[in-house]
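Enquirer:
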Amino acid sequence: MKLIRILLTTAVAATAARASSIVYEGEVGPGVGKHIVFLASDHEYRAEETCPALARILAKRMGFKCTVVFGVDKQGFIKAGSSTVSGLAALGEADLFFIFARFLHLPDEEMAHIESYLERGGPVVGLRTSSHAFKIPAGSKYARYSFKSRATGYEMGFGHQVLGNTWVGHYGRNHVQGTRVVTVPEQRGHVILTGIGEAAFTHAGAYVGKAAPDFTVLATSQPLVSMDPDAEADASKPPMPCTWTREYAAKDGSMHRVFHSTQGASQDFLDDDYRRMILNGTLWAIGMEKEIKPDLDFSFVGPYQPRKFSFKGEARNVKPSDLAGWESPIMPKSAD
Numbered sequence: 001m002k003l004i005r006i007l008l009t010t011a012v013a014a015t016a017a018r019a020s021s022i023v024y025e026g027e028v029g030p031g032v033g034k035h036i037v038f039l040a041s042d043h044e045y046r047a048e049e050t051c052p053a054l055a056r057i058l059a060k061r062m063g064f065k066c067t068v069v070f071g072v073d074k075q076g077f078i079k080a081g082s083s084t085v086s087g088l089a090a091l092g093e094a095d096l097f098f099i100f101a102r103f104l105h106l107p108d109e110e111m112a113h114i115e116s117y118l119e120r121g122g123p124v125v126g127l128r129t130s131s132h133a134f135k136i137p138a139g140s141k142y143a144r145y146s147f148k149s150r151a152t153g154y155e156m157g158f159g160h161q162v163l164g165n166t167w168v169g170h171y172g173r174n175h176v177q178g179t180r181v182v183t184v185p186e187q188r189g190h191v192i193l194t195g196i197g198e199a200a201f202t203h204a205g206a207y208v209g210k211a212a213p214d215f216t217v218l219a220t221s222q223p224l225v226s227m228d229p230d231a232e233a234d235a236s237k238p239p240m241p242c243t244w245t246r247e248y249a250a251k252d253g254s255m256h257r258v259f260h261s262t263q264g265a266s267q268d269f270l271d272d273d274y275r276r277m278i279l280n281g282t283l284w285a286i287g288m289e290k291e292i293k294p295d296l297d298f299s300f301v302g303p304y305q306p307r308k309f310s311f312k313g314e315a316r317n318v319k320p321s322d323l324a325g326w327e328s329p330i331m332p333k334s335a336d
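Going by full-length UniProt numbering, the sequence shown opens with residue 1, and the numbers climb by one from there.
1) So, with DSSP's three-state summary, where would you put Thr15?
2) Determine the DSSP secondary structure at Gln222, reduced to helix, strand or coil.
3) Just the Cα atoms here: how many angstroms apart are Ser254 and Glu25?
4) Closest to Trp284 by CA distance: which of His256, Thr67 and Ala250 is it?
5) Can you tell me the Cα-Cα spacing of Ala143 and Ala133, whole angstroms?
6) For Gly139 and Leu224, what's the separation of their Cα atoms in angstroms?
7) Assign Ser236 to one of two classes, buried (16 or more other C-beta atoms within 10 Å of its C-beta) or exposed (fewer than that).
8) Using alpha carbons as the reference points, say which of Phe97, Ala206 and Gly126 lies closest to Arg120.
9) How many angstroms separate the CA atom of residue 347 from the CA atom of Ala249?
10) CA-CA distance, Pro294 and Gly33?
11) Considering only residues of the same chain and omitting the five flanking positions on each side of Ser149, which have a CB-CB separation below 7 Å?
12) Once DSSP output is grouped into helix, strand and coil, what is the label at Ser328?
13) Name the one or two DSSP bridge partners that Arg246 has.
14) Looking at C-alpha atoms only, which residue of Ile292, Gly92, Ile192 and Ala219 is the closest neighbour of Lys210?
15) Per DSSP, Glu22 forms a beta bridge with which residues?
16) Apart from the five residues on each side of it in sequence, which residues of its chain come closer than 6 Å, Cβ to Cβ, to Pro108?
17) Spell out the partners DSSP gives Met240 in its beta bridges.
18) Looking at Pro306 and Pro329, is the spacing between their C-beta atoms short of 8 Å?
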C-alpha cells in the first residue's frame, strides 16, 4: 500500500511538472547534450513571453535542450507572477539556470531544487526583476533567499548574493521613459559584446544598478526623455550600470559564472542588439564563449508577438502546452 502511495505521488508530481512546463529540444548545434532550465514568472514584464522565445532560439539555432517552467493558476493556465510552480526538479541535470521571476514564494520542494543547484555552483543568468525574485516570509525554510533577507552571510537574498544586486528602485519613469542600453567602450572587445553595436533600445525603464568591485560592467542604461528609440537622453539621469558579469560562491567555496541584465521585458527583445547580447551572455555563462560569433543566427523561431508590458497585461487562457513546437505564436492572439 505504501509503495502504491509513493508511485501515485510520483505520478501526480510528474504530471504537474509537465502541465506547468514545456521543453524545446534542438537536434543540431554546439548545445546538443546541454540543458538550460528557465523559470518564468514575473508580474509585469512578460517573462512568460521572453523565456520561451529565448528558449526556442537556443534550442533550434544552437541545439540546446531548454525547459521552461511557468507560474500557473489552479486550472493550469499561465499566470504572471504565480508561485504555483512545479518542474524545477529539472535543475538536477541542468547546465544553466535562467531566471526571470519576481516576488515568488515557491513550494519548499521547488525551492529545494534551486538551493541544490546553487550549492553545486551551476551558472546563472538573471533578467530584470530577478534581483527580487523571491519574497519569502521570515521563519520559512528558505527565507534567506528573500530580497530583504537579513540572514547572516546571505544578506539581501538571492538577488544580492548571486546576481549582485537586490531590488533598489526604478531610475527614471517606467512606461514613460525608454532606455538606451550603451555598451561600455572599454569592454567592447569582450566576447559577450561580439556582433553588437554601440547601443540598443529597450522599452523597460532603467533600474538603479550598483556595481560592486567584482563586477565586469558591459553596458549601462541611459534613460530617455520619452519612449521614442531616437529620443534625447534625460540629462538629469547619467548612465547607470545595467548589464554585468560576476561570480558567486558555491557551497564548497568555488566561484561560478553569473550574467545579469536589469532590462529584459519581452518587448526589449525586438531589438536585435539587445537580444544578441543576452544570448551571447547565456553562452558565456554556460562556458561556451568559443561558440560566440558575430553572425550567429539569433532570429526568432516562430511568430513572436510580445505584448506591451504592464501589470495584469498577460495573455489569458494560455497553457504551456499551447506554446509547444517551433511555430506556435508567442503569445496566441486569440488567447483572450
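All residues carry an ideal CB built from backbone N, CA and C; glycine is no exception. These numbers come from a predicted model, not from an experiment.
Expert: A quick look at the data gives this:
1) Because the pLDDT of Thr15 is 47, which lies under 50, any placement of that residue in the model is unreliable, and the question is left without a value.
2) strand
3) 30 Å
4) Residue His256 is the option with its Cα nearest to Trp284.
5) Per the coordinates, the alpha-carbon of Ala143 lies some 12 Å from the alpha-carbon of Ala133.
6) Distance between the alpha carbons of Gly139 and Leu224 is about 42 Å.
7) exposed
8) If we check each option's Cα against that of Arg120, Phe97 comes out closest.
9) Since the first residue shown for the chain is 1 and the last is 336, residue 347 is missing from the structure and cannot be characterised.
10) 23 Å
11) Ala143, Glu155, Met156 and Gly157
12) Of the three classes helix, strand and coil, the one that applies to Ser328 here is coil, per DSSP.
13) Val258
14) Ala219
15) According to the sequence as given, residue 22 is Ile; it is not Glu. In the DSSP output, where bridge partners are listed per residue, Ile22 has Val68.
16) The residue asked about is misnamed: residue 108 is Asp in this sequence, not Pro. The answer, listed in chain order, is Lys141.
17) Ser221
18) no
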